[in-house]
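Numbering (the UniProt record's numbering), first residue to last: 1 to 479. Ideal placement from N, C-alpha and C gives every residue a C-beta, glycine not left out. One structure below.
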Amino acid sequence: MTTQFYERLSNDLTRLLENSIDYNVTIEVGENKQIYKLHSYILQSRSSYFYKKLNEIPFNENHIKVLKMPDISIQIFDIIIKYIYGGIISLENLQNSVLFELLIASNELNLDKLIELLQTHFVVNNASWLKLNFSWVCRIKNLKNLNRLLEFCNNIIAKHPDTIFGSDIFLTLPEDTLISIIKKDDLQLRESKIWQYVIQWGKAQNPTLPTNLDEWTSDDFLTLKTTLKNCLPHIRYFSISSEDVFKMIFPYQQILESEVNNKQTYSTALLPRTINITIPTRNTLNIITDKHALKISSWIDRKLTKYTKNNPYEFKLLVRGSRDGFDVGTIYKNCDKISSIVIVLKVKDTGEILGGYIPCELDKDKNKWIYSPDSFIFSLKTANIKKSILSRVSKSHHTDHAIANFPLHSTIFFGNNLCLVGNLKNGKKCCCLQNKDIYDSYDKFEKPIRSEKFLDKILSENSVFNVEEYEVFQVSKKK
1 MTTQFYERLS NDLTRLLENS IDYNVTIEVG ENKQIYKLHS YILQSRSSYF
51 YKKLNEIPFN ENHIKVLKMP DISIQIFDII IKYIYGGIIS LENLQNSVLF
101 ELLIASNELN LDKLIELLQT HFVVNNASWL KLNFSWVCRI KNLKNLNRLL
151 EFCNNIIAKH PDTIFGSDIF LTLPEDTLIS IIKKDDLQLR ESKIWQYVIQ
201 WGKAQNPTLP TNLDEWTSDD FLTLKTTLKN CLPHIRYFSI SSEDVFKMIF
251 PYQQILESEV NNKQTYSTAL LPRTINITIP TRNTLNIITD KHALKISSWI
301 DRKLTKYTKN NPYEFKLLVR GSRDGFDVGT IYKNCDKISS IVIVLKVKDT
351 GEILGGYIPC ELDKDKNKWI YSPDSFIFSL KTANIKKSIL SRVSKSHHTD
401 HAIANFPLHS TIFFGNNLCL VGNLKNGKKC CCLQNKDIYD SYDKFEKPIR
451 SEKFLDKILS ENSVFNVEEY EVFQVSKKK
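The following block contains the structure:
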């Protein structure tokens, strides 16, 4: 019979890490250059990265191998080194942003078991966080090594390609990420658009290329060809119309291995993609769920019993912070003269989802208070918030000051009860002011929408906030 004492072994190795007896490796970590005294035989047996790296580094005169890792934070390395020595890790008390940094670092250090655990944590249990931080996820280098995460991202992009092709981060995508996207058989884009995006990406990698194609030399075409050599084989040229071939491809014929002749290219023929162009590409709900949308629709219709299925309203996405920008001016620009809009915010650090409904039209050209008796503000139930809160316009106050439409000051106020100011992501000026002793005459809505723990005092550190993401929807009855 074999008896195993893994817990005792883990404890002994963890104590060895703490005492650093007979260490022969020092690793300098982070910007603060914290020194860890470690043991090569443990590092090399647990990580192929350290196995290779430490074999390349000679011992110094003190018989110590010195390694510097400035790009990894002390917090992340501390978690990793305890895992390497003791084989134990707890995810419970760590924020998703920290866990994602941990996943990236684990990938760099080839910690296979930890990579698999963290991928499962996100893809299975925290898919909503991945969607909310999609642009960040897609910019990760070596994403191809994170198979489950890559598959998750590519499935979203295939169905909703505008989430990436229409975003500011598209031109900064790593090559391997772009290739994994355009290889998808179910990518919901016409082939001519894929060609245009690939060319656009290639030019962005070479900013010195002339803007006017007529000014390009053979060397310029060669530069673009070299940049796109791994991307071009994945274009389905046979799926492009003759008209688009002459208009879009023929001007770049020098970058192709074979000549373009009408609709044909003499490259390997790939099967057409499975395309359903009717799939919506811009209306995905990132912050709120379908259940949240049903609840908001019930509030709009003043239903005592909320809708549970068959939402009578369509939520059309107008603005998304990560896609369009976080300044309040962006809301005015994209929602001018549009009525029946819902603004939803995900508060940074707390995970709260706050929002408001404006049935009247916004005006991007002048400051004014808007009469809006049917407006309401809300907070939604989440994993951290036990219940949703609805706050309608108070009947005890004049409703002609319910909505502050102040584009010239880059602000939108729901009374003083939900205030959106300036840059929602970095300005830390958003707030929910509600103090009956001070602001009673300005409280246009019935009750606070934030939990009491976030409303300790006016303008305290907790009462002003930044948002992690925001979205604005036009809500209209389905036909």
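Asked	Found
Beta-carbon spacing of F445, F414 below 8 Å	yes
Collapsed DSSP secondary structure at Q253 in the structure displayed	helix
Length of the line joining the Cα atoms of L118 and F100	8 Å
Closest by C-alpha distance to P312, when choosing among A383, K477 and G86	K477
Proximity below 8 Å, CB of L38 to CB of I27	yes
Residue range of the unbroken beta strand (DSSP E) whose run includes G355	I353 to I358
Beta carbon of I156 nearer than 8 Å to that of K131	yes
Residue environment, R302, which counts as buried when at least 16 other CB atoms sit within 10 Å	exposed
The alpha helix (DSSP H) enclosing T14, as first and last residue numbers	Y6 to N19
First and last residue of the uninterrupted beta strand (DSSP E) at I341	I341 to V347
Beta-bridge pairing of R392 - partner residues as DSSP gives them	F376
Beta-carbon separation (whole angstroms), L109 vs I89, contact threshold 8 Å	About 13 Å separates the two Cβ atoms, so there is no contact after all.
The stretch 6-16 contacting the stretch 50-65, beta-carbon criterion three pairs below 8 Å	no
Proximity of W201 and F170 at Cβ, strictly below 8 Å	yes
Residues sharing a beta bridge with L420, DSSP	I412
Residue-level contact to chain C via CB, W216, 8 Å cutoff	As a matter of chain content, chain C is missing from the structure shown, which is built from one protein chain.
Pick from S167, S242 and N93 that is closest to S322, judged by C-alpha positions	S167
Beta-bridge pairing of C430 - partner residues as DSSP gives them	F465
Sequence-distant residues of its chain with Cβ nearer than 6 Å to E468 (five each side left out)	K346 and K348
For I74 and R46, believed in contact at Cβ under 8 Å, the rounded distance	In fact, because the Cβ distance is near 20 Å, the residues do not count as touching under 8 Å.
Cβ pair count under 8 Å reaching 3, the stretch 209-217 against the stretch 230-248	no
Residue interval of the beta strand (DSSP E) (run including A404)	I403 to F406
Supposed close pair I375, K381 - CB separation, criterion 8 Å	Checking the sequence, you will find Ser at residue 375 rather than Ile. About 21 Å separates the two Cβ atoms, so there is no contact after all.
Between the CA atoms of L390 and V342 - distance to the nearest angstrom	14 Å
Whole-number beta carbon distance between S297 and Q474, since they are thought to touch under 8 Å	Their Cβ separation, rounded to whole angstroms, is 13 Å, which puts Q474 and S297 out of contact at 8 Å.
Cα-Cα separation between E226 and E151, rounded to whole angstroms	A small correction: the amino acid at residue 226 is Thr; Glu does not occupy that position in the sequence shown. Spanning the two alpha carbons is a distance of roughly 27 Å.
Spatial neighbours of I79 in its chain, beta-carbon cut-off 7 Å, leaving aside the 5 residues before and after	I89 and L102
Beta-carbon separation (whole angstroms), I353 vs I288, contact threshold 8 Å	7 Å
Three-state secondary structure assigned by DSSP to R320	strand
Nearest-angstrom Cα separation, counted from V25 out to T211	52 Å
Start and end residues, alpha helix (DSSP H) containing W129	A127 to L132
Helix, strand or coil at S90 [DSSP, three-state]	coil
F326 (DSSP reduced to helix, strand or coil)	coil
R320, buried or exposed, once every other Cβ within 10 Å from all chains shown has been counted against 16	buried
Local Cβ density within 10 Å of P207, reported as buried at 16 or more and exposed below that	exposed
Neighbourhood of D327 by C-beta, 8 Å cutoff - its chain only, sequence neighbours within 5 removed	S410, G422, N423 and L424
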